[in-house]
Amino acid sequence: MDLVDVPVRERMVVKKVTSRARSSLRSRLLPLAATSSLRSRLLPLAATSSLRSRLLPLAATSRARSPSTVALCRRRSVSANMVDESTPAPTPTYELTIDGREPPRVFESFAEASIRHDRRNLDVGDFEIASSERVAIVVERKTWSDLVSSVAGRRLADQTARIVEKCKNVGARPVLLIEHDRVVGWNGKSGGLGNKFIDCCLTKYALEGFSVVRTKDVEHTRDVVDWLLRRCRDGKVPTFTPEFAFDRAAEGGGGTRRFRKKDYGEDNAWRDMLTTVRGVSKAKASKIVTKYRNAPALIEALLREDDAGLGVDGIGKKLRLDIKNALVGPL
């Protein structure tokens, strides 16, 4: 850079540097050395080592900052703090817990794939994905034969009711996993129940908030659960409902309440199952439940060769036929 390119004021300062005493040099250059534009022009002009040795300490000293420089540094400090505050918190670590009452083959499959998990008896569900802060996913696993017997014996409605209640309280996603190597026909029967009725029950649970997933076998189930676990660890944590908010303090610690089977009435579960049949209201379902305590008893009555109703007020021939088609299927 030529001396001609330097502003007149700065050029005069440079010319007087070598002829003035050190105190005069500091008093003149100290305020000017604070600006980056003047510092970048003065330092290349300091050809002599003695002048450079005088200018460099002045440029580096913190006392050489002008009011404008101090304000600039403050702004930069505030900006840095804002960036630190906006940095997202680390994603909590999610772990898998398997109910200790699951068959040995389930644990063997997870061990073969080297998937780490804890083993303990869960209050609801067969698999639970959770962090130290919250429960993310509760999975209820059913083989097809277990599903059919659970529907007939009213256990499934009771189990799903407890799972939904817990997921509502902790904000978790309930998953109903059906393990079967094929999809059965709509008009067929399984264990005395019509496949149509079983599928209608699954649809009902899906409408209540369950994610209904079908798998082929234990290994397929393991892969699905592992995929759900990895998604949670990647920060893609599902919730029961998008608008759901859970206050742990209000619930006394959150997640500590146990959802026991005895807290839910089996008659209510059997009644809710019957309401999935078209034309059966809750009032009519309650009357049916009063007379027929379970699905096998009702099916036995439906299979009798008569055109009469079920002996229940409000259930005529037409509705009896609809219930029969739903539970048993056309004969």
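Numbered by my numbering, the letters in the sequence shown go through residues 102 to 432 in order.
Even glycine gets a Cβ: it sits at the ideal position worked out from N, Cα and C.
In the three-state DSSP reduction, R334 falls in the helix class (H, G or I). Within the same chain, and ignoring the five residues on either side of D219 in sequence, the residues whose Cβ sits closer than 8 Å to its Cβ are E196, L197, T198, I199.
Counting C-beta pairs closer than 8 Å gives three or more between the region 257-268 and the region 218-233, which meets the contact rule. Scanning its chain for C-beta atoms nearer than 6 Å, with the 5 sequence neighbours on each side dropped, one finds around H281 the residues W245, in chain order.
Counting only runs that start and end inside the region 387-427, the alpha helix (DSSP H) elements of at least 4 residues fall at 396-403. Of the other Cβ atoms in all chains shown, 16 or more fall within 10 Å of the Cβ of W371; this residue is therefore buried. DSSP places V252 within a helical segment (H, G or I) once states are collapsed to three.
Non-local beta-carbon contacts of V325 in its own chain, meaning distances under 8 Å to residues more than five positions away in sequence, involve L278, V314, T316 in chain order. Here the region 411-428 makes contact with the region 373-383; the two share three or more CB pairs at distances below 8 Å.
When I416, R405, L375, K337 are compared, the shortest CA-CA separation from A253 is found for L375. Shortest Cα-Cα distance from I238 to any of R221, A273, G293, D247 involves A273. Annotated as distal: I216 and D335, with beta-carbon spacing of 9 Å or more. Taking 9 Å as the cut-off, the Cβ atoms of R323 and V207 count as close. Per DSSP, the continuous beta strand (DSSP E) segment holding A237 begins and ends at 236-244. Note on geometry: alpha-carbon atoms of F298 and K337 lie some 34 Å from one another. The Cβ atoms of R202 and N395 do not sit closer than 9 Å to each other. Distance from the CA atom of A402 to the CA atom of L411, rounded to whole angstroms, is 7 Å. Going by DSSP, T198 is part of the beta strand (DSSP E) stretching over 196-200. A307 and R263 have their C-alpha atoms some 15 Å from each other.
In terms of Cα proximity to L428, the closest of G415, G289, T194, H321 is G289. According to DSSP, residue pairing for L277 in a beta bridge involves E241, V313. S233 counts as exposed, since fewer than 16 other C-beta atoms from the protein chains shown sit within 10 angstroms of its C-beta. Looking at T340, C333, L248, the one whose alpha-carbon comes closest to that of D300 is L248. Annotated as proximal: I230 and C333, with beta-carbon spacing under 9 Å.
For I216, DSSP assigns no beta-bridge partner whatsoever. Take D373, set aside five residues on each side of it, and the residues of its chain with a beta-carbon closer than 6 Å to its own are A258, in chain order.
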